[in-house]
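Sequence positions in the sequence shown follow my numbering and run 1 to 259. Notes for the one structure printed next.
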Amino acid sequence: MAQDFPTTGSPPMIGRKLSIPEWQNYVANYDFGRLPPSQLVLHHTYRPDENQWRGLASMRGMQTFYRGKGWIAAPHIYVAPDGIWLFTPMSQIGIHAGTGNGSLRTGWYSIGLEMVGYFDQRRPAGAVWDYAKAVMGGLSRRLQIPPRQLISFHRDYTHQKSCPGRAVTKEWVWGEVTAWRRLTDVDYWRRLWGYTAPYHHNWAIPGAWRANAERLGAVRSAELWTTDGLRCMQWFVGGAIVFEKQTGATHVIVTKDVP
Ligand SMILES: [Zn+2]
Numbered sequence: 001m002a003q004d005f006p007t008t009g010s011p012p013m014i015g016r017k018l019s020i021p022e023w024q025n026y027v028a029n030y031d032f033g034r035l036p037p038s039q040l041v042l043h044h045t046y047r048p049d050e051n052q053w054r055g056l057a058s059m060r061g062m063q064t065f066y067r068g069k070g071w072i073a074a075p076h077i078y079v080a081p082d083g084i085w086l087f088t089p090m091s092q093i094g095i096h097a098g099t100g101n102g103s104l105r106t107g108w109y110s111i112g113l114e115m116v117g118y119f120d121q122r123r124p125a126g127a128v129w130d131y132a133k134a135v136m137g138g139l140s141r142r143l144q145i146p147p148r149q150l151i152s153f154h155r156d157y158t159h160q161k162s163c164p165g166r167a168v169t170k171e172w173v174w175g176e177v178t179a180w181r182r183l184t185d186v187d188y189w190r191r192l193w194g195y196t197a198p199y200h201h202n203w204a205i206p207g208a209w210r211a212n213a214e215r216l217g218a219v220r221s222a223e224l225w226t227t228d229g230l231r232c233m234q235w236f237v238g239g240a241i242v243f244e245k246q247t248g249a250t251h252v253i254v255t256k257d258v259p
């Protein structure tokens, strides 16, 4: 099993930013040790919000703030406009939700996930929400716990806070994370895709198809290459995708949208 990244300072902070593919690789190979987490508690930061976020400087600011409170740990992960930031290692018990932290004594603990922003009036969207879904969905898959059982809210453990924001509801979060898991399940797409296309030049067409699967529907043809090898096309129930080798561009043509 892979070793975790090193930490610095107090409370110990990894202070490293991951992209979604880097996160998926990290969580898939993560060694949680003898007691894996069984819960994830979702938070919002309130301050700093997305506009005030300054990457590593904001992470260090939080570390100073927690040190001032005498905390020996912190939330595990921050999802920000610029990526997935790691604070407390996921194999360790964090401090973020009071009784919702769990402990060695109680025999369970939670991962604390902070969404950068203030979500009392509006839901998280854009990059912050994409990163949040990847973190929750990735942990749900790695721990083999369905979103509905895994994910709780900070406000479940306190009456003092609306955290992760009044606009954020359980049914919405659970539904979005369940959909994320299906969309990123390679076996699911492999089954749907079938074997009509024996090979793919670079997965540009499957990628474009996946992003438009509802409109395009099932595969109707193999990849059909032009004789000069510069272009190929593949047909679907609802249209076609054209791939241009020189530019790497894909063009999605949905039949019912063509006048
Ligand atoms: Zn909170």
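Ideal Cβ positions, reconstructed from N, Cα and C, are used throughout, including at glycine.
Tell me which same chain residues have a C-beta within less than 8 Å of the C-beta of Tyr118, skipping the five on either side of it?
Walking along the sequence shown from the start, residue 118 turns up at place 118. Excluding positions up to five away in sequence, the list reads His44, Thr45, Tyr46, Arg47, Asp49 and Gly165.
From the DSSP output, read off the bridge partner residues of Ile253.
The residue given as residue 253 occupies position 253 in the sequence shown. DSSP, once it has assigned bridges, lists Ala240 as partnering Ile253.
In whole angstroms, give me the CA-to-CA distance for Asp120 and Arg210.
Working through the sequence shown from its first residue, we reach residue 120 at position 120. Working through the sequence shown from its first residue, we reach residue 210 at position 210. When rounded, the separation of the alpha-carbon atoms in Asp120 and Arg210 is 33 Å.
Excluding the five sequence neighbours on either side, which residues of its own chain have a C-beta within less than 8 Å of the C-beta of Arg181, listed in chain order?
What you label residue 181 is simply residue 181 of the sequence shown in a count that begins at 1. Around Arg181: Gly137, Ser140, Arg141 and Pro147.
DSSP beta-bridge partners of Leu224:
Taking the sequence shown and counting its residues from 1, one reaches residue 224 at position 224. The partner list for Leu224 (beta bridge, DSSP) reads Met233.
When DSSP labels each residue in this structure, what does Ile20 get in the three-state scheme?
Within the sequence shown, residue 20 is the residue found at index 20, counting from 1. Three-state DSSP puts Ile20 in a helix.
What does His43 pair with, by DSSP beta-bridge criteria?
Taking the first residue of the sequence shown as position 1, residue 43 is located at position 43. DSSP, once it has assigned bridges, lists Glu114 as partnering His43.
Return the chain-ordered list of same chain residues with a C-beta closer than 6 Å to the C-beta of Glu244, the five sequence neighbours on each side being excluded.
Translated into the one-based positions of the sequence shown, residue 244 becomes position 244. Here the set comprises Arg231.
For ligand 1, is there a heavy atom less than 7 Å away from the beta-carbon of Pro170?
In the sequence shown, counting from the first residue as 1, residue 170 sits at position 170. According to the sequence displayed, residue 170 carries Lys and not Pro. No.
Kindly indicate which three-state DSSP category Tyr78 falls into: helix, strand or coil?
The count along the sequence shown starts at 1 and reaches residue 78 at position 78. The three-state secondary structure of Tyr78, taken from DSSP, is strand.
Going along the chain, which residues put their C-beta within less than 7 Å of some heavy atom in ligand 1?
With the cut-off at 7 Å, the residues found are His43, His44, His96, Ala97, His154, Lys161, Cys163 and Pro164.
Say whether the region 29 to 39 touches the region 124 to 136, bearing in mind that this needs 3 or more beta-carbon pairs closer than 8 Å, one atom from each stretch.
The answer is no - the region 124 to 136 does not touch the region 29 to 39, with fewer than three Cβ pairs under 8 Å.
Same chain, Cβ closer than 8 Å to Gly246, neighbours up to 5 away in sequence not counted
Numbered from 1 along the sequence shown, position 246 holds the residue referred to as residue 246. Here residue 246 is Gln; the residue named in the question, Gly, does not match the sequence. Answer for Gln246: Leu230, listed in chain order.
Looking only at C-alpha atoms, which of Ser152, Arg16, Ala208 and Pro206 sits nearest to Ser38?
Counting from one through the sequence shown, the residue named residue 38 turns up at place 38. For the residues Ser152, Arg16, Ala208 and Pro206, the minimum Cα distance to Ser38 belongs to Ser152.
Taking DSSP's pairing of strands, which residues face Gly274 in a bridge?
Any question about residue 274 goes unanswered here, given that the chain covers just 1 to 259.
Excluding the 5 residues preceding and the 5 following Ala127 in the sequence, name in chain order all residues of the same chain whose CB lies nearer than 6 Å to its CB.
On the sequence shown, residue 127 is found 127 positions in, with the first residue counted as 1. Only Pro81 meet the Cβ criterion.
Span of the alpha helix (DSSP H) around Ser162:
The residue labelled residue 162 in the question sits at position 162 within the sequence shown. Unbroken run through Ser162: none, as it is neither H nor E.
Using a Cβ-Cβ cut-off of 6 Å (strictly less than) and excluding sequence neighbours within five positions of Thr178, which residues of its own chain qualify?
What you label residue 178 is simply residue 178 of the sequence shown in a count that begins at 1. Only Pro147 meet the Cβ criterion.
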